[in-house]
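Quick note, the sequences are listed as chains A and B, same order. If you read the first sequence in this note's numbering, its first letter stands for residue 1, the second for the next number, and so on. If you read the second sequence in this note's numbering, its first letter stands for residue 1, the second for the next number, and so on. By construction, the Cβ of each residue, glycine as well, lies at the ideal position given by its N, Cα and C atoms.
There are 2 protein chains.
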Amino acid sequence: MARRPPPLPAFVEDAVLAANQAFYDAFAGRDVAAMEALWSREGPVACIHPGWNPLIDRDEIIAAWTAILRNPDAPEVRAENAVALVLGDTAMVICHERVGGALLACTNLFRLEQGAWRMVLHQAGPVGEEPPARDEEAPPPHRVH
Amino acid sequence: MARRPPPLPAFVEDAVLAANQAFYDAFAGRDVAAMEALWSREGPVACIHPGWNPLIDRDEIIAAWTAILRNPDAPEVRAENAVALVLGDTAMVICHERVGGALLACTNLFRLEQGAWRMVLHQAGPVGEEPPARDEEAPPPHRVH
Chain A
1 MARRPPPLPA FVEDAVLAAN QAFYDAFAGR DVAAMEALWS REGPVACIHP GWNPLIDRDE
61 IIAAWTAILR NPDAPEVRAE NAVALVLGDT AMVICHERVG GALLACTNLF RLEQGAWRMV
121 LHQAGPVGEE PPARDEEAPP PHRVH
Chain B
1 MARRPPPLPA FVEDAVLAAN QAFYDAFAGR DVAAMEALWS REGPVACIHP GWNPLIDRDE
61 IIAAWTAILR NPDAPEVRAE NAVALVLGDT AMVICHERVG GALLACTNLF RLEQGAWRMV
121 LHQAGPVGEE PPARDEEAPP PHRVH
C-alpha cells in the first residue's frame, strides 16, 4: 500500500479548530458526557475558570464542569476569533468567549492522543475592552465562524 | 562512549520550573533583554495580560513587555505555587502571581527548542479568593520556592 503523505499544516489547524469547536458545542449544549470525553486521559490537565483558583486534577476539573453545565442559571457561551497555533503534538487555540454579557480571552490547549486532539488546558479571563476591528482585506486564516 | 540515559522526569520538571523562574526573574528585574530572549523564536507565541485582548505576534508581545518593564509605576511581582505539567516537548507551568496587592492565576507554556525551554504562552487573570491552604503532610512535588 502506498504510504499517505503527512497532513498539510492547514488540515492540522482545521482539526485543532474542530476540537476547539467541539469544546464550545459541549459547553453550549450542556453536554457533560461530551465535555468529559474531550479532556485528555493520558497526561496532566489544568483548568482555570474566570476568577477561580487553578484546578490540576482531572476529576476536580470534570466535577467543576459538571456543576457549571448542570446549573440552570448558567449563561449562554459563544467562541469568536479562534486562531490555532500548532506546536507539534500540542496546539493552542486563542479565542474570545462571549459569556452572557461578558467578554473573555481564552487559551485552550490540545494534545494529539491516538489521532485525536484532546484538551489539556482551558483558561479564560475577563477582557477590559472590545477586540480591535479586523482588517477585512487581510482576515486571519482561521476562525471558528 | 556510553549513551546517556534519558533524563528522569523530575529533572525535566525542574528544568521547566527553572525556565518559569527565569521568566519571573526577568519580570521582577525589569530585564527587557532577558524577557525577549526567553520567548520562542521558532514557532507561534501568544500572550494574554490581565484584562487585555490576546497578542499573537511576537513583536507585539515583546513591545508590550518592554512597555510594562519600563513603566516606573509597575508593581512588584512574585510567583507562588508553581507546578510543572510536562506534555512531551511542551510543558505547562500553572502558578499564582502576586502583583502589587492582586492575586492572579497563571499559565505559562514552554516548548523545548534546541535543548532550552522557551516560552510560547503567558496568560494571567484575576482570582477572586485566596488559594486553599496546602496540606503540609502531602505537599505538591514542585514549587518555585
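Next on the checklist: Output needed in chain order: residues of the segment 51-69 of chain A with a Cβ under 8 Å from some Cβ in chain B.
Outcome noted: 51, 52, 53, 54, 56
Next on the checklist: Are the CB atoms of residue 107 of chain A and residue 123 of chain B within a distance shorter than 9 Å?
Outcome noted: Your numbering for residue 123 of chain B matches position 123 in the second sequence. Your numbering for residue 107 of chain A matches position 107 in the first sequence. Their beta carbons are under 9 Å apart, which means residue 123 of chain B touches residue 107 of chain A by this criterion.
Next on the checklist: Taking a contact to mean a Cβ-Cβ separation below 9 Å, would you say residue 86 of chain A touches residue 12 of chain A in this structure?
Outcome noted: For the purposes of this step, residue 86 of chain A is taken as the residue at position 86 of the first sequence. For the purposes of this step, residue 12 of chain A is taken as the residue at position 12 of the first sequence. Cβ distance < 9 Å, so residue 86 of chain A and residue 12 of chain A count as in contact.
Next on the checklist: If contact is defined by three or more beta carbon pairs under 8 Å, each pair taking one atom from either stretch, is the segment 51-65 of chain A in contact with the segment 9-23 of chain A?
Outcome noted: no
Item to check | residue 46 of chain A and residue 117 of chain A closer than 9 Å at C-beta | outcome: Looking up residue 46 of chain A in the first sequence gives position 46. Looking up residue 117 of chain A in the first sequence gives position 117. Going by C-beta atoms, residue 46 of chain A is not nearer than 9 Å to residue 117 of chain A.
Item to check | Cβ neighbour criterion (16 or more within 10 Å) applied to residue 78 of chain A | outcome: Taking the first residue of the first sequence as position 1, residue 78 of chain A is located at position 78. Residue 78 of chain A should be labelled exposed.
Checklist entry - Who are residue 92 of chain A's beta bridge partners in DSSP? => result To locate residue 92 of chain A, count along the first sequence from 1; it is residue 92. Answer is A:85, A:109.
Checklist entry - For residue 168 of chain A, which option in A:28, A:4, A:42, A:50 has the closest C-alpha, if you only look at C-alpha atoms? => result Not covered by the structure: residue 168 of chain A. The range shown for chain A is 1 to 145.
Next on the checklist: In whole angstroms, give me the CA-to-CA distance for residue 143 of chain A and residue 84 of chain A.
Outcome noted: If you number the first sequence from 1, residue 143 of chain A lands on position 143. If you number the first sequence from 1, residue 84 of chain A lands on position 84. Unreliable positioning characterises residue 143 of chain A in this predicted model, as indicated by a pLDDT of 42, which lies under 50. The coordinate reading is nonetheless provided below. The straight-line gap from Cα to Cα measures roughly 8 Å.
Next on the checklist: Is it buried or exposed, residue 129 of chain A, if we count other Cβ atoms within 10 angstroms and call 16 or more buried?
Outcome noted: The residue given as residue 129 of chain A occupies position 129 in the first sequence. Counting Cβ neighbours within 10 Å, residue 129 of chain A comes out exposed, since fewer than 16 surround it.
Item to check | Host alpha helix (DSSP H) of residue 9 of chain A (start-end) | outcome: Here residue 9 of chain A refers to the residue found at position 9 of the first sequence. Start and end: 9-28.
Item to check | Residues from the segment 105-128 of chain A in contact with chain B, defined by Cβ distance under 9 Å | outcome: 105, 106, 107, 109, 111, 120, 121, 123, 124, 125, 126, 127, 128
Checklist entry - residue 17 of chain A touches chain B at which residues, Cβ-Cβ below 9 Å? => result Counting from 1 along the first sequence, the entry for residue 17 of chain A is found at position 17. The contacting residues do not exist; residue 17 of chain A stays about 14 Å from chain B at best.
Checklist entry - With a cut-off of 9 Å, does the C-beta of residue 147 of chain A fall near any C-beta of chain B? => result In this structure chain A extends from 1 to 145, so residue 147 of chain A is not present and cannot be described.
Checklist entry - Does the beta carbon of residue 41 of chain A fall short of 8 Å from some heavy atom of the ligand SAH? => result Annotation note on the ligand SAH: not contained in the displayed structure, which lists no ligands.
Checklist entry - Alpha carbon to alpha carbon, how far is residue 23 of chain A from residue 38 of chain A? => result If you number the first sequence from 1, residue 23 of chain A lands on position 23. If you number the first sequence from 1, residue 38 of chain A lands on position 38. Looking at the two C-alpha atoms, the distance is approximately 7 Å.
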